[in-house]
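Each protein sequence line maps, in turn, to chains A and B.
Under our numbering, the very last position in the first sequence is 521; numbers go up by exactly one each time.
Under our numbering, the very last position in the second sequence is 403; numbers go up by exactly one each time.
Built from N, CA and C at the ideal position, the CB exists for glycine as well.
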Amino acid sequence: MTKENIVTLKSPYRDDFEINGYRFGKGEKTCCIVGAMRGNEVQQLYVCSQIIRALSNIEKKGDLAHGKQIMVIPSLNPFSMNIQRRFWSVDNTDLNRMFPGDANGKTTQRIAAGIFDFIKEYQYGIQFTSFYISGDFIPHVRMMDTEHKNIGLANLFGLPYILLRKPKPFDTATLNFNWQNSDTSAFSVYTNETEHIDEESAHIAVGAVLRFLSRMGVIKYQSHGGYMATTLEEEHLMSVHAQSGGIYRRIKQPGDEVEQGEAMAEILDPFEGTVIEEIKAPANGIVFFAHKSPLVLENSVVYKIIKRLHI
Amino acid sequence: MLQDVVSVSLPVNERMRIKKNHFEPYNLTGNEKRICIVTGIHGDELEGQYVCYELIRRLSENGHLLNGIVDIYPSMNPLGMDSIKREMPIFDLDMNMIFPGSETGAVAEHIAAAIMNDIKGADICIDIHASNIFLREIPQVRISKETAPKLLPYAKMLNVDFIWVHSSVTVMEATLSHSLNKAGTPTLVAEMGVGMRITKSYGDQLLDGIFNLMSKMGIWAGETRNVSHPIVSTDGNVSLIYSDTSGIFMPTIKHWAGISKGDHIGDILDPLTGTVEQEIFAPCSGIVFTLREYPVVYEGSLLARILGGC
Ligand SMILES: [Zn+2]
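See below:
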């Protein structure tokens, strides 16, 4: 394992901004794994740190394949995390809207360009990330639905679901989209936490990456089989909206099965404590995404459900 | 007439409301032209506030001179404006990246769709922006190459100093202006001044332009002033100057002033060591239409834009 510097930027008042990567093995640029790009992605940082820990043990045992290298970049944005801001510490722009970047452009474009130049030649790209709406997901692999997608490879993670997303305009400036565009097989892996550490789903995520690497012949690692993934299209997920604002009481969790008409959550009057709305499942299915905050606004998407078609 | 465009219940005893002030002639014929004046999508941009106030004041006093419909939306992002925040609070989302929205989408998308529905069908829309807290801009209209044939005649009526015809970028497809133009409502983006401040002279200049435009479109029958002939330019004639280091930027030039190639534009200083980290010189001759206002810079911070090209 070698620790390397990928991007350095001088700050007027703080230590230099640095992005560090950990390299395992030598040779062909096989797989690159990136973690927290936003300052609140603590779970994503944690997952990468655990992958680095696992890979260095694998390396010690001599179980890295010859002629292949793995790069892990646990944090792309330590500056924002250290001051507890989600986006870039100076102008609040989102680094994940700056790809492929511009080496002669503005600060965040330069950072994105520095990262992208370094990682674009890897064959496989895995990113741990979070959604722009806060809440929890079933662990899944997410890919942009472009002609470059490779569902067969996404299956090798052994996670229960693969989600295909049709790119919207802003997606064209994300790392995942640009990775795919430059012929890297790119996967975003979602676990069910962001701001807090969830050991169980972190463990699932680390296991999924090691399973992928071992199935691709990059490492020798004894893993149990995992799931045969179900592939979903994002637009086929069913959104459940809140009709009122208030205090939110979640009943169903990601992964739970629900029956049509079953109570999924309650919204309480914030002053009087009475239930002003009971959110009911609109169909039989499985909870894919669940709103987490204890407060909710009218019209919020509080759940996304995988509708059950085959029962 | 005050109207709610869209409202959403917040968690604790409050509704967020996007409001507009609607003006129409005393006797409606049904054939009136309609103009929409929109501002405050970015909560830290306040230059449009004075424009809305003054426009509404004059319209209220001169209702008899109105031959068309004027809808004025002073605050598209009321929670952001009220909390000194550029983005939409709660979601930390740039509101100008979610259009045209979706009626069945999440909260922000739903709001965006309601705004689109309210403006759609107008004969012209002007979306007033105020740069950001980092950069000061002269009054200008920005339009994309694709929309230039249709929008340039309107843009020239607005009494701005400069019209920037820029190439399109995919991420800009989610702006209000792009979405409205795509939906058939001609929409101009006006940029002027600087974030968190109001420059009255710029506001007065744009107001003369808005009344001129309304007059040309048959919406306003009152007096108008002569408007300026703006410089029209494409990306090719715009040079950008970025900082190569971090520190404090102290300009030595004035905004909207002519400079020659090689002129000293300013310095990047280190306040801890008392040294000049970088001296900045003009890469070409021209006029400085964008000048950095916020002194703290990083490598890659934009310092100035020069109209002239190299
Ligand atoms: Zn703006």
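By the C-beta density criterion, D220(B) is buried, having at least 16 other C-beta atoms within 10 angstroms. Under the three-state reduction of DSSP output, P379(A) falls in the helix class. In chain B, no part has a C-beta under 7 angstroms from the C-beta of Y332(A); the shortest such distance is about 24 angstroms. In the three-state scheme derived from DSSP, where H, G and I count as helix and E and B as strand, I262(A) is classed as helix. Counting only runs of 4 or more residues that sit fully inside the region 273-329 of chain A, the alpha helix (DSSP H) segments are 288-292 and 317-329, in chain order.
Within chain A, the residues R307, P379 and F380 have their CB atoms less than 9 angstroms from the CB of M190(B), given in chain order. Runs of alpha helix (DSSP H) with 4 or more residues, each lying fully within the region 102-168 of chain B, are found at 140-154, listed in chain order.
One thing to note: S221(A) has its Cβ no nearer than 8 angstroms to the Cβ of G249(A).
Taking a cut-off of 8 angstroms on C-beta distances, the region 405-413 of chain A does not touch the region 372-381 of chain A, as fewer than three cross pairs fall below it. The beta carbon of L286(A) is closer than 7 angstroms to those of I229, V244, A246, M247, L305 and I325 in its chain, skipping five residues each way along the sequence. Distance from the C-beta of I429(A) to the nearest heavy atom of ligand 1 is not below 7 angstroms. Ligand 1 has a heavy atom closer than 7 angstroms to the beta-carbon of E138(B).
The Cβ of Y342(A) sits closer than 8 angstroms to at least one Cβ of chain B. Closer than 8 angstroms to the CB of V264(B) there is at least one CB belonging to chain A.
Nearest CB-CB separation between L103(B) and chain A: below the 8 angstroms threshold. In this structure, the C-beta of H135(B) approaches ligand 1 to less than 7 angstroms from one of its heavy atoms. For E445(A), the CB contacts under 8 angstroms within the same chain, skipping 5 residues up- and downstream, are K376 in chain order.
At a C-beta separation below 7 angstroms, A199(B) has these neighbours in chain A: I343, S510 and V511. In this structure the region 309-316 of chain B does not lie against the region 370-388 of chain B, because fewer than three pairs of beta carbons, one per stretch, are closer than 8 angstroms. Annotated as proximal: V253(B) and P323(B), with beta-carbon spacing under 8 angstroms. Of all residues in the region 338-352 of chain B, only T338, S339, G340 and I341 place a beta-carbon less than 8 angstroms from a beta-carbon of chain A.
Counting every other CB atom within 10 Å of its CB across the protein chains shown gives K249(B) a total of 16 or more, marking it as buried. Under a criterion of Cβ atoms nearer than 9 angstroms, the residues of chain A adjacent to Y335(B) are, in order, N314, G315, K316, T317 and R320.
If you look at H203(B), you'll find it in the alpha helix (DSSP H) that goes V200 to I212.
Taking each of I457(A), R518(A) and G465(A) in turn and checking the Cα distance to L507(A), the smallest one comes out for I457(A).
Counting along the chain, the unbroken beta strand (DSSP E) around W257(B) starts and ends at F255 to H259. Excluding the 5 residues flanking it on each side, K213(B) has same chain C-beta neighbours closer than 6 angstroms at A276 and T278, in chain order. Near chain B, meaning a CB-to-CB distance below 8 angstroms, the residues of the region 271-303 of chain A are R296, F297, V300, D301 and N302. Looking at N314(A), M474(A) and G231(A), the one whose alpha-carbon comes closest to that of G393(B) is N314(A). Annotation: I489(A) to I343(A) spans about 19 angstroms, alpha carbon to alpha carbon.
C-alpha of E476(A) to C-alpha of V468(A): approximately 15 angstroms in a straight line. Nearest CB-CB separation between V331(B) and chain A: not below the 8 angstroms threshold.
Leaving aside the five residues that flank L299(B) on each side, the residues in its chain whose CB is nearer than 8 angstroms to its CB run, in chain order, V144, I221, P232, L251, N252, V253, A283 and M285. Between I352(B) and I208(B), the C-beta spacing is not below 8 angstroms. Using a Cβ distance threshold of 8 angstroms, F498(A) and I348(A) count as a contacting pair.
Put simply, the CB of S411(A) is far from chain B, with every gap to its CB atoms at 8 angstroms or more.
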